[in-house]
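Numbering-wise (my numbering), the sequence shown opens with residue 31 and increments by one. Note that the Cβ used here is the ideal one computed from N, Cα and C, for glycine as well.
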Amino acid sequence: MAYNKISNKTQDKDVKYLSKDYNSYKNQLMDFAEVYFPNNFNDFSEGNPGMMFLEMASYVGDVLSFYTDTQLRECFLLLAQEKENLYNLSYALGYKPKVTSAASVDLELFQLVPSINKGGEYLPDYSFTLNIEAGSTFNSTEGSQFYTTDDVRFGFSSSFDPTVTSIYQFDSSNNPEYYLLKKKIKSISGTKKTKTFTIGSAEQFKTLSLFDKDIISIESIVDSDGNNWTEVPYLAQDTIFEQLKNNAANDPDLHQFNQQTPFLLKIKKTPKRFVTRFKQDNTLEIQFGPGSTDNSDSAIIPDPNNIGLGINDGRSKLDVAYDPSNFLYTKAYGETPANTTLTITYIVGGGLNSNVNANTITEIETILSSNKIGLNRGMLNFVKSSVAVNNVEAARGGGSGETVEEIRQNAMANFAAQQRTVTKEDYLIRTLSMPSQLGRVSKAYITQDDQLSPLTTEPNRIPNPLALNLYTLGYDNNKNLTNLNTATKTNLSTYLEQYRMLTDAINIKNAFIINFSLDFEITSFKNYNNNEVILNCINELKNYFNIDNWQVNQPIIISEIENLIAGVIGVQTVEKVELINKNGASLGYSQYKYDFMGATKKGVIYPSLDPSIFELKYPNSDINGRVIIY
Numbered sequence: 031m032a033y034n035k036i037s038n039k040t041q042d043k044d045v046k047y048l049s050k051d052y053n054s055y056k057n058q059l060m061d062f063a064e065v066y067f068p069n070n071f072n073d074f075s076e077g078n079p080g081m082m083f084l085e086m087a088s089y090v091g092d093v094l095s096f097y098t099d100t101q102l103r104e105c106f107l108l109l110a111q112e113k114e115n116l117y118n119l120s121y122a123l124g125y126k127p128k129v130t131s132a133a134s135v136d137l138e139l140f141q142l143v144p145s146i147n148k149g150g151e152y153l154p155d156y157s158f159t160l161n162i163e164a165g166s167t168f169n170s171t172e173g174s175q176f177y178t179t180d181d182v183r184f185g186f187s188s189s190f191d192p193t194v195t196s197i198y199q200f201d202s203s204n205n206p207e208y209y210l211l212k213k214k215i216k217s218i219s220g221t222k223k224t225k226t227f228t229i230g231s232a233e234q235f236k237t238l239s240l241f242d243k244d245i246i247s248i249e250s251i252v253d254s255d256g257n258n259w260t261e262v263p264y265l266a267q268d269t270i271f272e273q274l275k276n277n278a279a280n281d282p283d284l285h286q287f288n289q290q291t292p293f294l295l296k297i298k299k300t301p302k303r304f305v306t307r308f309k310q311d312n313t314l315e316i317q318f319g320p321g322s323t324d325n326s327d328s329a330i331i332p333d334p335n336n337i338g339l340g341i342n343d344g345r346s347k348l349d350v351a352y353d354p355s356n357f358l359y360t361k362a363y364g365e366t367p368a369n370t371t372l373t374i375t376y377i378v379g380g381g382l383n384s385n386v387n388a389n390t391i392t393e394i395e396t397i398l399s400s401n402k403i404g405l406n407r408g409m410l411n412f413v414k415s416s417v418a419v420n421n422v423e424a425a426r427g428g429g430s431g432e433t434v435e436e437i438r439q440n441a442m443a444n445f446a447a448q449q450r451t452v453t454k455e456d457y458l459i460r461t462l463s464m465p466s467q468l469g470r471v472s473k474a475y476i477t478q479d480d481q482l483s484p485l486t487t488e489p490n491r492i493p494n495p496l497a498l499n500l501y502t503l504g505y506d507n508n509k510n511l512t513n514l515n516t517a518t519k520t521n522l523s524t525y526l527e528q529y530r531m532l533t534d535a536i537n538i539k540n541a542f543i544i545n546f547s548l549d550f551e552i553t554s555f556k557n558y559n560n561n562e563v564i565l566n567c568i569n570e571l572k573n574y575f576n577i578d579n580w581q582v583n584q585p586i587i588i589s590e591i592e593n594l595i596a597g598v599i600g601v602q603t604v605e606k607v608e609l610i611n612k613n614g615a616s617l618g619y620s621q622y623k624y625d626f627m628g629a630t631k632k633g634v635i636y637p638s639l640d641p642s643i644f645e646l647k648y649p650n651s652d653i654n655g656r657v658i659i660y
């Protein structure tokens, strides 16, 4: 009864909870003592020892209030200021902060090949061309190291990966003796390092740490049995993309397209997997799975047997024990290494110092090239020794790690995107960003699929909400539009499969190509060379109709062409602009006929209802102009 009496008296007292700082706490305590203890404490002068206790209590309250507010603020991505908390919040949202930014630059690689006489004509002997593998390293005279990201194949040339050939040296008879081949390849600043770890008995969610600063990426983890461990975004993901060389051994049907599509994309299950996380001090933590591999699933599979696992007295009390995380629980988080030695290869680099000047990356560190059999060894060694490198442009993009605000903004942006393809723009970006070694998609267009309505007697098409039509085109070796080969389409389908929505079916189709020629007539000012004026007009039209500037279903606006011609120096008036359809495979054009006159409305030539693109395929012969003299 005494306890209840005291409790009731305490509850009757007016306690305020709005104080947040030292002065507020002090004033409130003084008011509290004056109201409830007037006979015990009434001297509030600074010299009174009792004030010391009030001030100490105010100090403690101020400190506790500060830390309470701070810790609450650090729980929210928008308000957090501590880098460690921002890292944890970012990882929870699927974003991996960057501790360094690597510089990148296009390198020019050179090699010599001997000439060969074929039918009285001297040509480069392409049997001596080298295949330089990705990961070859080059040094800058300013101290930074760069490595290549893709293979360099001197013997292959296309519009997106051309090999520039020039005569390097003549023999005593003034015939070409050596040719110089040039390739461009992207490179990234970084130095490859290796560290080994000896692992004993199995340990669930085993973690290892790399203490190097500025780690860009993990290149590989290989155990002593030769097994490769693969990095995944999260341990529940048990499938990855795997790039295989497009040869007969890997795919007997698609290897015929290996020139245009050198690699095939496959989906591979990977029980040996790991995740990485950066710590506040910029060291890298590597985490493996728990070692449970019996249920290696491709996704987290709902398991009704796990309902109610959070309670002590069984699984029957669904009303108190239901937990969605239990319902979606799976043990398949990958293997853990045991009784083995792990060799970890990783890239360190980046930073502001990697932004080196042009013409400084000239030293070769390591060249990884494929061996060629059956060739003259002396000549082959000479060819290998002839390899040279240079960066015509300065390397840019290197910088320090992300700031607190950059981590915050990038994490929110990443969470909004969530690596999914939902909108039309998502599909286009994902399609065009497929790695070029899997085949290059040059043009893409998305429409919703449609189908015949079963509710009408007359043919009537209605949208199909469960399918999309992806119209694509590529370039041939002359940078003319062409249909994608089967291997590239297969890779694209596999690539998009991992990002598409579950309800979306994707039909990959060929867009239609409409070829044309252009005739124009002008009058020129006096004292201007008519031939020169016509030539300048043609050059402007070539640039205007450069296929890089045109997209599927883009119309042609006649007034823009007229204004372009009229802007050429020497042109007085534009008398006529006419576009004429060109078709026929025997003539080198698309097979599709098109009525340009019928498709013209108010000075605009519209493409067909079926996704199509206008292409001026042969600008050197299909642009014709003349000067009219009155």
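Worksheet item: Looking at C-alpha atoms only, which residue of E138, E432 and G165 is the closest neighbour of A424?
Response: E138
Worksheet item: For the putative contact between F168 and I459, defined by C-beta atoms under 8 angstroms, what is the C-beta separation to the nearest angstrom?
Response: About 31 angstroms separates the two Cβ atoms, so there is no contact after all.
Discussion item. Is it buried or exposed, V386, if we count other Cβ atoms within 10 angstroms and call 16 or more buried?
Written reply: buried
Item to complete: Please list the segments of the alpha helix (DSSP H) lying wholly inside the region 558-622, counting only runs of 4 or more residues, in order along the chain.
Response: 560-574 and 588-596
Fill in: Spatial distance of I397 from I218 (CA atoms)
15 angstroms
Discussion item. Within the continuous beta strand (DSSP E) that includes N169, where are the two ends?
Written reply: T167 to S170
Practice prompt. Please look up how many angstroms separate the CB atoms of L211 and F190, rounded, as I've assumed it's under 8 angstroms.
Written response: The Cβ separation is near 17 angstroms, so there is no contact.
Worksheet entry | Residue-chain proximity (L240, chain C), Cβ-Cβ < 8 angstroms | As a matter of chain content, chain C is missing from the structure shown, which is built from one protein chain.
Discussion item. Assuming contact is defined by CB atoms lying nearer than 8 angstroms, are T454 and I476 in contact in what I supplied?
Written reply: The question names Thr, yet the displayed sequence has Lys at residue 454. The answer is yes: Cβ separation under 8 angstroms.
Discussion item. For I544 and S642, which I take to be in contact (beta-carbon distance under 8 angstroms), what is that distance rounded to the nearest angstrom?
Written reply: 5 angstroms
Worksheet item: Taking the DSSP output, what are the residues bridged to L137?
Response: I215
Item to complete: Inspect the CB distances between the region 640-654 and the region 543-560 and report whether three or more fall short of 8 angstroms.
Response: yes
Practice prompt. Using three-state DSSP, classify A497 as helix, strand or coil.
Written response: strand
Worksheet item: So what's Y407 in DSSP terms, helix, strand or just coil?
Response: The amino acid at residue 407 is misidentified as Tyr; the sequence shows Arg. It is helical.
Worksheet entry | Cα-Cα separation between N204 and Q581, rounded to whole angstroms | 47 angstroms
Discussion item. Counting C-beta neighbours from all protein chains within 10 Å, is the total for M82 16 or more, i.e. buried, or is it exposed?
Written reply: exposed
Fill in: Residue interval of the alpha helix (DSSP H) (run including K519)
T516 to E527
Item to complete: Tell me the start and end of each unbroken beta strand (DSSP E) in the region 146-213 that is at least 3 residues and wholly inside, in chain order.
Response: 151-154, 167-170, 175-178 and 194-200
Worksheet item: Which same chain residues, not among the five before or five after E233, have their C-beta less than 7 angstroms away from its C-beta?
Response: T366
Worksheet item: Cα-Cα, which of Y622, V305, E432 and T371 is closest to S254?
Response: T371
Worksheet item: If you check the beta carbons only, do Y529 and L500 fall under 8 angstroms apart?
Response: no
Worksheet item: Alpha carbon to alpha carbon, how far is N494 from L511?
Response: 29 angstroms
Practice prompt. Kindly indicate the opening and closing residues of the alpha helix (DSSP H) around T98.
Written response: P79 to R103
Worksheet item: So what's L240 in DSSP terms, helix, strand or just coil?
Response: strand
Worksheet entry | N569 versus K631: straight-line alpha-carbon distance, rounded | 27 angstroms
Discussion item. Is it buried or exposed, T224, if we count other Cβ atoms within 10 angstroms and call 16 or more buried?
Written reply: exposed
Fill in: Presumed contact (8 angstroms Cβ cut-off) between I391 and F176, rounded CB distance
6 angstroms
Discussion item. Counting beta carbon pairs with one atom in the region 556-569 and one in the region 612-619, are three or more of them shorter than 8 angstroms?
Written reply: no
Item to complete: For S651, name the three-state secondary structure that DSSP assigns.
Response: helix
Worksheet item: How about T533 and G469: do their beta carbons lie closer than 8 angstroms?
Response: no
Worksheet item: What separation, rounded to the nearest whole angstrom, lies between the Cα atoms of K572 and K473?
Response: 19 angstroms
Discussion item. Whole angstroms are fine: how far does the CA of I270 sit from the CA of Y376?
Written reply: 19 angstroms
Practice prompt. Consult DSSP for D268 and reduce its assignment to one of helix, strand or coil.
Written response: coil
Discussion item. Relative to the C-alpha of T228, which candidate in P154, T373, I248 and P206 has its C-alpha closest?
Written reply: T373
Discussion item. Which of the three DSSP states is assigned to S642 in this structure?
Written reply: strand
Discussion item. Bridge partners for Q481 per DSSP, in chain order?
Written reply: I492
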